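In numbering that gives the first Met the number 0, the protein residues as written are 0 to 138. For every residue, glycine included, the Cβ atom is placed at its ideal position computed from N, Cα and C. Keep in mind that this is a model prediction, so the values were computed, not measured. These notes concern the structure reproduced below.
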Amino acid sequence: MTVGALSLAAAVALLAGCQDPQPSKQELVNKGNWYYWRAEYVEAIGPYTKAADRDPADAEVLYKIGQCHFNLHNYRESIKWYRQALKSFPGHAGAAAGLEEAQRRLPSLAPPPPPETGPEPAATTPSPRVTAESYINIA
0 MTVGALSLAA
10 AVALLAGCQD
20 PQPSKQELVN
30 KGNWYYWRAE
40 YVEAIGPYTK
50 AADRDPADAE
60 VLYKIGQCHF
70 NLHNYRESIK
80 WYRQALKSFP
90 GHAGAAAGLE
100 EAQRRLPSLA
110 PPPPPETGPE
120 PAATTPSPRV
130 TAESYINIA
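And the structure:
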């Protein structure tokens with residue numbers, strides 16, 4: 000090997016050793032918790048989702064993602080995550096309560112019922128001609 004190739008190989012080896020190791024699932028959960036406790040729910044979803052990717056059956060992580068979406072008023076998304084948590088662990092009381100509350104807060108998609116007294120009269124302004132004629136008739 001030449002001196003240039005040797006120094007290049009040494010530099011690559013040095014830089015490879017400087018890479019951060021992948022955080023553990025617990026480190027990701029702790030980071031998500033830190034954001035959650037600061038009420039930074041959007042930021043908390045990222046680490047929680049990465050932790051859920053590592054262990055898709057962890058009901059507690061799935062529940063925490065649902066909680067973040069619930070606090071952001073994304074009720075449909077929170078329902079999805081609560082259901083996944085309950086699928087993973089049917090006895091998760093927090094996920095069951097969160098699911099019930101999110102479903103209760105979800106706005107109804109049905110159109111509002113029509114008023115029983117009939118439609119409200121439309122507020123119309125008379126045309127300029129009608130207004131002018133009424134002034135002429137008064138004079």
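Output the boundary residues of the alpha helix (DSSP H) element that contains ALA139. A query on residue 139 cannot be resolved here, the shown segment of the chain reaching from 0 to 138 and no further.
Grab me the residues of VAL41's own chain with a C-beta within less than 8 Å of its C-beta, minus the 5 sequence neighbours each way, in chain order. CYS67, LEU71
Going by beta-carbon coordinates alone, are PHE88 and ALA50 separated by less than 9 Å? Contact annotation: PHE88 and ALA50 have beta-carbon atoms that are not nearer than 9 Å.
Rounded to whole angstroms, what is the Cα-Cα separation between GLU76 and SER126? 51 Å
Collapsed DSSP secondary structure at PHE69 in the structure displayed: Shown here, PHE69 sits in a helix according to DSSP, grouped into three states.
Can you list, in chain order, the residues of its chain whose CB lies under 7 Å from that of LEU61, leaving out five sequence neighbours each side? ALA51, TRP80, GLN83, ALA84, SER87
Could you compute how far the alpha carbon of GLY65 sits from the alpha carbon of ALA96? 11 Å
Residue range of the alpha helix (DSSP H) that ALA95 falls in? 92–104
With TYR47 and LYS63 assumed to form a contact (beta carbons below 8 Å), what rounded beta-carbon distance in angstroms separates them? Right, their Cβ atoms sit about 5 Å apart.
Using a Cβ-Cβ cutoff of less than 8 Å, which residues in the same chain neighbour LEU27 once the five nearest sequence positions on both sides are dropped? Cβ-Cβ distances below 8 Å link LEU27 to PRO46, TYR47, LYS49, ALA50, ARG53 in the same chain, with the five nearest sequence neighbours on each side left out; the list follows chain order.
Are there 16 or more other CB atoms within 10 angstroms of the CB of LEU98, so buried, or fewer, so exposed? Classification of LEU98: buried, given that the 10 Å Cβ count is 16 or more.
Mapping the DSSP letters down to three states, classify ASP57 as helix, strand or coil. coil
Would you mind working out which of GLY93, ARG128, PHE69 sits nearest LEU105, comparing C-alpha positions? PHE69
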